Every structure is written in C-alpha cells, then in structure tokens.
C-alpha cells in the first residue's frame, strides 16, 4: 500500500517521501519522490527542528528558497468523507508566492501539499496525491496551484481511528539542474521551503445505517 497507517519518523521530521513509491503511483515529473526525500531529509536533519519554512544553514543542506504558501484549502474547506473501499480523490488549492528569480516552470521544480494526522515530527498517518500539484502564474511572483490527495481506504490507507483533524504540510523544492542521483550532486545548490502547518482539514469515515421499517408479522 502507498501510505503506512503507522510510520516511523525519518531524521525527526515528516518524511512521507522517504519510502519508495510503487511504480503504479509514480507521476510524470522529472523528479521522483525519492529525490524529494533526499532533500527533505537533509533539510530536516540539519535544522534539527520542525516548523514553518525550515531551512538549514549548514553546508550539507539546501538553501532557504524564497517561497511561501497561503490560501490553503483541502477539499474546498469541507470534511473528507471516506468509506472502506472506494477511492476518494480530494482537491487541494493554495497560493504560492515566490521571488522573481524562482523558476516555478522548470521541470525540476517541485511543489506539493500533503495532509498528516498527529505530530509533524512523528505522524500517525499521512496522505498525498499520485501527481504533484500544478501551478499557474498570476503574476511574476504569485501562482495559483491545484492538486489532489488520493485516498485508497481499500488499501488500508485509513483506519477508523484516523477520523478527526489533520494538518496540511506544504513544501517547494527547486533543484536548479542538480541531479540527486549523480555523484556530484550538490544539495547546497537546491532551494527548499516548507510550512509544516499550512492548513487543516477533517477526515470522516463514511457509515450508513440500514433500517427495515416494514411491519413484521406477529406470532401467536
């Protein structure tokens, strides 16, 4: 299954990308989830903390990308209602504000929004989309972004205990031509910005009560 109901924290921070994503869930981006995980892990480990716009100053960490997130909405502000088997595709929208020199149209620029339950450092569960969100510029420094979170309850991505409030985590990574799989990969040339609590949403488990209201025969 794509999402683990219980997951160990990696380098003391939310690390949904630290595990290999099955090929069936891979998206069309030039950047894989494993590539993203390498940057997130380095940034989290170097910072030693969680929170808004984590960026490490150490040499072996990405630099602070001038980018921020606002107007985050998951499922249009409505609760996510999921049953026990049918896949639920949840729309997400947010605004990305960035410096003019940040090329959000680059093939190796990644932005994402996931949701998680529990603490940021050690989430009880988390969910994300099969594809990265897409962002449409509305000015030289502002973009309107849309994505989805794909929930597969039939693959045990949700438990009854997952009902309640979840947080939204947003991040942006500019690889700037750096190849994470290359021997000369220089992570200090990669830009990174993250907001651990960019918004919230509620998850509800769908249930339906069936009642037979027909009169029953009375036995003598």
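Numbering (the working numbering), first residue to last: 349 to 568. Don't be surprised by glycine CBs; every beta carbon is placed ideally from N, CA and C. Since this is a predicted model, take the numbers as computed values, not measurements.
Check: For residue 539, which residues does DSSP report across the bridge?
Finding: Indexing the chain shown from 1 puts residue 539 at position 191. In DSSP, residue 539 forms a bridge with 411 and 522.
Next item on the list: For residue 497, write down the residues that DSSP places opposite it in a beta bridge.
Entry: For the purposes of this step, residue 497 is taken as residue 149 along the chain shown, with counting starting at 1. Looking at the DSSP assignment, residue 497 forms a beta bridge with 438.
Check: Which residue from 421, 494, 540 and 442 puts its Cα closest to that of residue 391?
Finding: Residue 391 sits at position 43 when you count from the first residue of the chain shown. Of 421, 494, 540 and 442, the residue nearest in Cα terms is 540.
Next item on the list: Determine the burial state of residue 502: buried for a count of at least 16 other Cβ atoms within 10 Å of its Cβ, exposed for fewer.
Entry: Taking the first residue of the chain shown as position 1, residue 502 is located at position 154. Residue 502 is exposed by the Cβ-count criterion.
Next item on the list: Find out if the Cβ-Cβ distance for the pair residue 489, residue 441 is shorter than 8 Å.
Entry: Looking up residue 489 in the chain shown gives position 141. Looking up residue 441 in the chain shown gives position 93. With contacts defined as CB atoms closer than 8 Å, residue 489 and residue 441 fail to qualify as a contacting pair.
Check: For the beta strand (DSSP E) that contains residue 507, what are its first and last residues?
Finding: The residue you call residue 507 lines up with position 159 of the chain shown. From DSSP, residue 507 is part of no beta strand (DSSP E); its letter is neither H nor E.
Check: Beta-carbon separation of residue 312 and residue 428 under 8 Å?
Finding: Coverage of the chain is limited to positions 349 through 568, which leaves residue 312 absent and any answer about it impossible.
Margin query: What does DSSP give as the partner residue(s) for residue 517 in the beta ladder?
Written below: Translated into the one-based positions of the chain shown, residue 517 becomes position 169. In the DSSP output, where bridge partners are listed per residue, residue 517 has 462.
Note to self: Just to confirm the assignment, what range does the beta strand (DSSP E) spanning residue 429 have?
What the structure shows: If you number the chain shown from 1, residue 429 lands on position 81. Unbroken beta strand (DSSP E) run through residue 429: 428 to 430.
Margin query: On the CB-based measure, 16 or more other CB atoms within 10 Å of its CB, does residue 455 come out buried or exposed?
Written below: Counting from 1 along the chain shown, the entry for residue 455 is found at position 107. By the 10 Å Cβ count, residue 455 comes out exposed.
Notebook entry, point to check: How many Å lie between residue 497 and residue 538 at the Cα?
Noted result: Stepping through the chain shown from its first residue, residue 497 is reached at position 149. Stepping through the chain shown from its first residue, residue 538 is reached at position 190. Distance between the alpha carbons of residue 497 and residue 538: 26 Å.
Item checked: Closest Cα partner of residue 469 within the set 414, 409 and 543 -> Counting from 1 along the chain shown, the entry for residue 469 is found at position 121. The residue with the shortest Cα to Cα distance from residue 469 is 543.
Check: Could you check where the beta strand (DSSP E) with residue 475 kicks off and where it finishes?
Finding: Taking the chain shown and counting its residues from 1, the one referred to as residue 475 is at position 127. Residues 471 to 475.
Notebook entry, point to check: So, helix, strand or coil for residue 444, using DSSP?
Noted result: Locating residue 444 in the chain shown gives position 96, where the first residue counts as 1. Correct three-state label for residue 444: strand.
Note to self: Quick check on residue 485: buried or exposed, where buried means 16 or more other Cβ atoms within 10 Å of its Cβ?
What the structure shows: Here residue 485 is taken as the residue at index 137 of the chain shown, counted from 1. Residue 485 should be labelled exposed.
Margin query: Among 545, 527 and 507, whose alpha-carbon lies nearest the alpha-carbon of residue 462?
Written below: Sequence index remark: in the chain shown, residue 462 carries index 114 (1-based). For residue 462, the nearest C-alpha among the options comes from 545.
Check: If we count the other Cβ atoms within 10 Å of its Cβ and call it buried at 16 or more, is residue 433 buried or exposed?
Finding: By 1-based counting over the chain shown, the position of residue 433 is 85. Exposed.
Check: Is the distance from the Cβ of residue 459 to the Cβ of residue 520 below 8 Å?
Finding: Here the question's residue 459 lines up with position 111 in the chain shown. Here the question's residue 520 lines up with position 172 in the chain shown. A contact, by the Cβ cut-off of 8 Å.
Note to self: Along the chain, where does the beta strand (DSSP E) containing residue 484 start, and where does it finish?
What the structure shows: Numbered from its first residue, the chain shown carries residue 484 at position 136. Here the beta strand (DSSP E) through residue 484 covers 482 to 485.
Check: To which residues of the same chain is residue 481 closer than 7 Å at the C-beta, ignoring the five residues directly before and after it?
Finding: On the chain shown, residue 481 is found 133 positions in, with the first residue counted as 1. Excluding sequence neighbours, residue 481 sits near 440, 459, 460, 461, 493, 494 and 495.
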